[in-house]
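If you're matching positions, the sequence shown starts at 17 in this note's numbering and goes up one per residue. Built from N, CA and C at the ideal position, the CB exists for glycine as well. Please read all numbers here as calculations on a predicted model, not as lab measurements.
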Amino acid sequence: MKKRKKSEVKGPPSWMVTMGDMNNLLMCFFIIMMGDETVSVADDFRMAVSSFRGNIGMMEGGSSLSKGTLAEMGQTIMTLPSVDKGKALGKRLKKAAEIFKPEIEAKAVRVTEDERGLIISLASDLFFDSGSARLKPEMRPVLTKVSNIVRSVPNFVRIEGHTDSNVIRQTQLREGYRTNWELSASRSLAVLLYMTNEESVNPKQLSSVAFGEFRPIDNNNTPEGRAYNRRVDIVILKEKFVEASKDPNISKPLPDEEWR
């Protein structure tokens, strides 16, 4: 039997260790690239690279993905509440776009998403007569669709009234609206009351606010821009609706979005 010389290094050749580390890094990188999660690729790749620091050789010890803090982070990072909320809202955005496809094509409804949540925008010109807060009967089926979506989610919903920057005309004054604040508030409240009284949406889940002309989404210097700005937004907030405590001394605060 041949005796091993003392100078010989035990274990695999050094090139094999280097090749193994590189293969592991490439595997992690392509797994990250193929994922459809919302965490950025750059952050995931930095995590993968950092997991191999200090693990040259037989991969013992250190902060690998199979042991330690980074392993726990890797297993839980994709199930964080913010990620779940983002994925859920993305699915609802697609679903809402399908539900409102005829209305979107007719430019009666716009479905978007921002940091607040899912936004269903109703074009005021099609839902209300000029200078009025009375809902047109032919647009009520659209609010039935909106109410079906709201009833299916456990979230707070904020109904926002908006106008363009035009000053109140004499005809609007006869309706009782002295300012755009009042007109936008009445339209927001009209949508809320229809959803609660006619569609049995939980009133504790809803809130009504008015922004007048001060939250435009387009240029008020063009007719098209003003038409976009005259709207009622139903905002399905990211914050989940929770019933207030039955103890009268304990009040449930409003979600963070309500204070913004």
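Quickly, what does DSSP pair residue i with across the bridge? List them, please.
i	result
Gly133	Leu253
Ala226	Gly177
Arg247	Ala139 and His178
Arg126	Ser137
Phe144	Leu151
Asn171	Lys256
Roughly how many whole angstroms lie between the Cα atoms of residue i and residue j?
i	j	result
Lys161	Ile115	8 angstroms
Glu229	Phe143	18 angstroms
Glu176	Ser224	6 angstroms
Asn182	Lys123	22 angstroms
Pro170	Leu253	10 angstroms
Gly192	Arg108	38 angstroms
Glu131	Met43	33 angstroms
Asp145	Lys110	30 angstroms
Ile141	Lys152	The sequence shown places Asp at residue 141, not Ile. Approximately 10 angstroms between the Cα atoms of the pair.
Arg247	Asp37	57 angstroms
Pro232	Glu129	16 angstroms
Gly147	Glu255	33 angstroms
Ala139	Asn39	55 angstroms
Leu199	Thr179	8 angstroms
Asn236	Val166	31 angstroms
Thr92	Trp197	The pLDDT assigned to Thr92 is 41, lower than 50, so where the model puts this residue is not dependable, and the model offers no usable value.
Glu88	Pro219	At Glu88 the pLDDT is 44, less than 50, meaning the model places this residue with poor confidence; the figure from the coordinates comes in the next sentence. Approximately 41 angstroms, taken between the alpha carbons.
Lys117	Asp234	22 angstroms
Short of 6 angstroms in beta carbon distance, which residues of its chain neighbour residue i, apart from the five on each side in sequence? Order them along the chain.
i	result
Thr34	none
Ser202	Ala149
Asp249	Ile135, Ser137 and Glu176
Leu159	Tyr210
Leu222	Val173 and Leu208
Ala113	Val127
Asp52	Low per-residue confidence applies at Asp52: pLDDT is 47, beneath 50, and the placement is therefore not dependable enough to give any value.
Gln186	none
Ala206	Ala149 and Leu151
Could you pull the start and end residues of the alpha helix (DSSP H) that residue i belongs to?
i	result
Thr198	First, the amino acid is wrong: residue 198 is Glu here, not Thr. Where Glu198 is concerned, the enclosing alpha helix (DSSP H) stretches over Asn196 to Asn213.
Thr238	Element bounds for Thr238: n/a, residue is neither H nor E.
Ser163	Arg156 to Arg167
Pro118	Lys117 to Glu121
Can you list, in chain order, the residues of its chain with a C-beta nearer than 8 angstroms to that of residue i? Leave out the 5 residues immediately preceding and following it.
i	result
Thr195	Ile184 and Gly228
Ser168	none
Counting only the same chain and skipping the five closest in sequence on each side, list residues whose C-beta sits under 7 angstroms from that of residue i.
i	result
Ser163	Met211, Glu215 and Val217
Glu119	Val125 and Val158
Met155	Leu142 and Phe143
Ser204	Ile175, Glu176, Gly177, Ser224, Val225, Ala226 and Val248
Contact between the stretch 233 to 245 and the stretch 201 to 218 (3+ Cβ pairs under 8 angstroms): no
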